[in-house]
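S.K.: In order, the protein sequences belong to chains A and B. If you count the first sequence from 1, position 28 lands on 28 in my numbering, and the numbers rise without skipping. If you count the second sequence from 1, position 169 lands on 169 in my numbering, and the numbers rise without skipping.
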Amino acid sequence: MTATEFRTLFQNGINKQNAGLVQLLGLCPLLAISNTLVNALALGLATMLVMVFASGAVSGVRNFVPHEIRIPVFVLIIAALVTVIDLAMHAYVHPLYLVLGIFIPLITTNCIVLARADAFASKNHPLHSVVDAFAMGLGLTMVLVVLGGLRELAGQGTLLSGIDLVFGENAKQFVLHVLPHYQGFLLAILPPGAFIALGLLIAAHNWNQARIEHRVRAAVPAAA
Amino acid sequence: MNGLFKAALRNALRTGGILFAFAVVATALLAYTFKLTQPSIERSQQAEKLALLSQVLPHTLYDNDLLSSQRHLPPDPRLGTRQPSAMWVGRRDGAITAVVLEAVAPEGYSGDIHLLIGIDIRGGLTGVRVTRHNETPGLGDYINRQKSTWVDQFTGKSLSTPSRGQWGVTKDGGAFDARAGATITPRAVIKAVRNALDYFSRNRNMLIALPPAGQASPAKEKTDDDSH
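Shown next as structure tokens:
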């Protein structure tokens, strides 16, 4: 694997083909869980973990799976992996499981996992597939974190609330009360707030892309 | 035609066989993981339940193994339950000191609010916790002990204090505070707690005489540490 390939995979995952902003895949958990920064980050990391394992496994068996039954086999692999992670978390990191418990099985239904398995991992070497899954997961996590941070800030005026559920009671001091005496803005926390915030993020991303393209186009005649 | 049919059949059998092989491997993997994690999962679930129970029942009130004291109660409108619910019995030096009831407040703003209610033998509340709810985040979710101390005001109350008419939110002339903007939620919780107290006072003798549900309790050594 060359450095260029590596860079291309990351550019695609984080920017050009970002799962949340460009491909618009896996929006159900993205919208449901992004009401606070901690929730969003936790779900993003869990999704990333599942994607890396699923892509690696799918890529490893890609030569044994006939084309007609690839989707059921991939779904089977993803569901089994998610269940294994779910059970392992339940058994060994129970406090974290209590926070994330309901989101983990949801990852099975996240179409970005299946999309990467089918579109990339089933046609590429395991190493490339794992890097691709990592980059895609990272891109999704970044969108989730921004979305979660925005919604939490607008909705409750805090950042990192609920961090004590992950790191114990002592972590309460890490909660940032960015806007003191904030009355709260319920819309931001409820599902419509997720759609509005994601819409704004997509608009910002598109605007940025258009600006870059415009600049490139403007630069070409000058160079020639 | 016959050759085509044979080829299709062979292909179907081959893909079916491969799918089956994947299913077998995945099932084996899941069965193995389940076997491996089950003891830890059970232990953490018991510990979690015990931690919740000890929030509604002060340690000074009991010295028995709460988890093995579980009884099953039939559904009852006063408990708001439509399915059998659980009850735990606290004993100190062999005598029953308190019970913990599962109850449901069916009149929440968005659906059922599940409660765990500790009641001492004289009918006083030792603690109330909301275990599951769907109330609006930021508005009605202050009934959750992790969000606010609102549920703490139930501790020490009973059917007679405050008096019957005072069992409501301050807005309705009652004795319980409620946050502005969300009175449906606390109304539902207060009503459910009162109904549970009512249930206990009516069925006290029956409840105390109930035989245990016969549950094995792997968390026994945990409670022993807590007692005395």
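Every residue gets a Cβ at the ideal spot worked out from N, C-alpha and C, and that includes glycine.
1. Please identify, using Cβ separations under 8 Å, the residues of the segment 34-60 of chain A that lie next to chain B, in order along the chain.
2. Around the Cβ of Leu24/A, are there at least 16 other Cβ atoms within 10 angstroms (buried) or fewer (exposed)?
3. With DSSP collapsed to three states, give me the class of Arg217/A.
4. Can the beta-carbon of Glu107/B be found less than 8 Å from the beta-carbon of Lys191/B?
5. When you compare each of Leu73/B, Gly90/B, Gly111/B and Asp172/B to Leu67/B by their alpha carbons, which one comes out closest?
6. For the beta strand (DSSP E) that contains His114/B, what are its first and last residues?
7. Can you tell me whether Leu43/A is buried or exposed? The criterion is at least 16 other CB atoms within 10 Å of its CB, across all chains shown.
8. Pull the bridge partners of Val128/B from the DSSP assignment, please.
9. Does the Cβ-Cβ distance between Ile85/A and Leu49/A come in under 8 Å?
10. So, for Val145/A: in the same chain, excluding its five sequence neighbours on each side, which residues have a beta-carbon less than 8 Å away from its beta-carbon?
11. Could you run through the segment 15-45 of chain B and flag, in chain order, every residue whose CB is less than 7 Å away from some CB of chain A?
12. Give the straight-line distance between the Cα atoms of Leu139/B and Tyr182/A, rounded to the nearest whole angstrom.
13. Can you tell me where the alpha helix (DSSP H) with Ile96/B in it begins and where it stops?
14. Once you ignore the five residues that flank Pro211/B on each side, which residues in its own chain have a CB closer than 8 Å to its CB?
15. So Leu139/B contacts chain A; which residues on that side make the cut at Cβ distance below 8 Å?
16. Compute the Euclidean distance between the alpha carbons of Ala105/B and Val189/B, then round it to the nearest angstrom.
17. Could I get the ranges of all uninterrupted alpha helix (DSSP H) runs contained in the segment 3-81 of chain B, with 4 residues as the minimum, in chain order?
18. Would you decide whether Pro84/B is buried or exposed? Buried here means 16 or more other CB atoms lie within 10 Å of its CB.
19. Does Thr141/A get closer than 8 Å to chain B when you measure Cβ to Cβ?
20. Can you give the beta carbon distance from Val113/A to Ala154/A, rounded, assuming they're within the 8 Å contact cut?
21. Between the C-alpha atoms of Gly118/B and Leu101/B, what's the straight-line distance to the nearest angstrom?
22. Answer yes if the segment 137-154 of chain B comes into contact with the segment 181-188 of chain B, meaning at least three C-beta pairs across the two stretches below 8 Å, and no otherwise.
23. To which residues of the same chain is Lys222/B closer than 7 Å at the C-beta, ignoring the five residues directly before and after it?
24. Quick one: what's Arg92/B bridged to in DSSP?
25. Using C-beta distances below 7 Å, list every residue in its chain close to Phe103/A, excluding the 5 sequence neighbours before and after it, in chain order.
26. Who are the Cβ neighbours of Thr158/A in its own chain at under 7 Å, not counting the five residues just before and after it?
27. Rounded to whole angstroms, what's the CA-CA distance from Leu53/B to Gly94/B? Just pull it up for me.
28. In whole angstroms, give me the CA-to-CA distance for Ala218/A and Ala210/A.
29. Can you confirm whether the segment 88-96 of chain A touches the segment 106-122 of chain A when touching is taken to mean that 3 or more C-beta pairs between the two stretches lie within less than 8 Å?
30. Have a look at Val56/B, Gly17/B and Val24/B and flag the residue whose alpha-carbon is nearest the alpha-carbon of Gly124/B.
M.R.: Short version:
1. Asn35
2. exposed
3. The three-state reading of DSSP puts Arg217/A in helix, counting H, G and I together.
4. yes
5. Looking at Leu73/B, Gly90/B, Gly111/B and Asp172/B, the one whose alpha-carbon comes closest to that of Leu67/B is Gly90/B.
6. Gly111 to Asp120
7. buried
8. Ile117/B.
9. yes
10. Leu37, Ala40, Leu41 and Gly44
11. So the list reads Thr15, Ile18, Leu19, Phe22, Ala23, Ala26, Leu29, Leu30, Thr33, Phe34, Thr37, Ser40, Ile41 and Ser44, given in the order they occur along the chain.
12. 14 Å
13. Judged by DSSP secondary structure, Ile96/B falls outside any alpha helix (DSSP H) and instead within the beta strand (DSSP E) spanning Ala95 to Gly108.
14. The residues Arg71, in chain order, have a CB closer than 8 Å to that of Pro211/B in the same chain once the five nearest residues on each side in sequence are set aside.
15. Leu186
16. 6 Å
17. none
18. exposed
19. No, because no Cβ of chain B sits closer than 8 Å to the Cβ of Thr141/A.
20. Going by Cβ atoms, the distance from Val113/A to Ala154/A rounds to 29 Å, so no, they are not a contact pair.
21. 6 Å
22. yes
23. Residue placement at Lys222/B cannot be trusted, given a pLDDT of 37 that sits under 50; what the coordinates show is reported in the next sentence. Excluding sequence neighbours, Lys222/B sits near Ala47 and Leu50.
24. Ala95/B
25. Pro29, Ile33, Leu43 and Ala46
26. Result list for Thr158/A: Glu152, Val175, Leu176, His177 and Val178, in chain order.
27. 19 Å
28. 12 Å
29. With the cut-off at 8 Å, the segment 106-122 of chain A and the segment 88-96 of chain A do not touch.
30. Val56/B
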